[in-house]
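Colleague:
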Amino acid sequence: MKQIDELKASIDNEKRRRGTALAAVIAQEWKHKLEEFERLAGQVGLKGIPHLSHEQLAGTYTELNRIGEEVLSLQSKLKNRLSGDGTGTTAQFEEVKELSKALSGTMSEWTKMERFRQGLCVDVARRDDAIYTLAKELIAEAHLWLK
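In full-length UniProt numbering, the protein residues as written are 1 to 147.
1) Starting from G19, follow the alpha helix (DSSP H) in both directions and report where the run begins and ends.
2) Hey, would you say I139 sits closer than 8 Å to L34, going by beta carbons?
3) Could you tell me the distance, in whole angstroms, from the CA atom of R126 to the CA atom of G88?
4) Quick check on K79: does DSSP put it in helix, strand or coil?
5) Quick check on I26: buried or exposed, where buried means 16 or more other Cβ atoms within 10 Å of its Cβ?
6) I need the DSSP call for Q118, collapsed to helix, strand or coil.
7) Exposed or buried, F37, counting other C-beta atoms within 10 Å across all chains shown (16 or more means buried)?
8) Measure the alpha-carbon distance for E109 versus D5 and round it to whole angstroms.
9) Assuming the contact rule is C-beta atoms closer than 8 Å, C121 and E55 should be a hit. Round their C-beta distance to whole Å, please.
10) Can you tell me whether G88 is helix, strand or coil according to DSSP?
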């Protein structure tokens with residue numbers, strides 16, 4: 001029975017640690033928008049996305065990183081093509097046009113994923129009073145650690 005109690009205590013500690021880390025991430029993301037965060041997440045206990053998990057949120061960050069890398073790659077290719085010699089040919093113009101189109105689509109994808117990620121953060125805060133309270137406190141104190 002003692003081992004079970006120790007295991008429960010260990011799990012609770014990990015959950016608190018994970019919640020604290022998530023609250024810090026949320027505070028970083030919302031550091032300039034306390035009122036908006038309170039308005040969106042302040043109704044703690046409301047139902048949000050069913051079966052929302054921390055893994056989904058982590059996956060969203062991974063996807064945003066992937067899209068961000070793709071944006072940087074496309075921007076670099078476009079910059080190189082625009083600064084290169086002979087950009088006046090039809091083939092090169094078409095390549096610039098295709099790179100611009102791909103960059104625009106990827107930026108749109110990033111914007112959609114970023115909005116989804118913000119919604120997930122709000123839902124996590126709505127579902128967990130401790131995360132909401134700590135995130136709100138950290139956002140309110142942001143002026144101290146922004147310097």
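Each residue gets a CB set at the ideal place from its N, CA and C atoms; glycine is no exception. In this text, all values refer to a predicted model and were calculated from it rather than measured experimentally.
Modeller: Looking at the coordinates:
1) K2 to E29
2) yes
3) 55 Å
4) helix
5) buried
6) In the structure shown, the three-state DSSP call for Q118 is helix.
7) Buried, by the Cβ-count rule.
8) 46 Å
9) Contact doesn't hold; Cβ gap of about 14 Å is too wide.
10) DSSP places G88 outside both helix and strand once states are collapsed to three, so it counts as coil.
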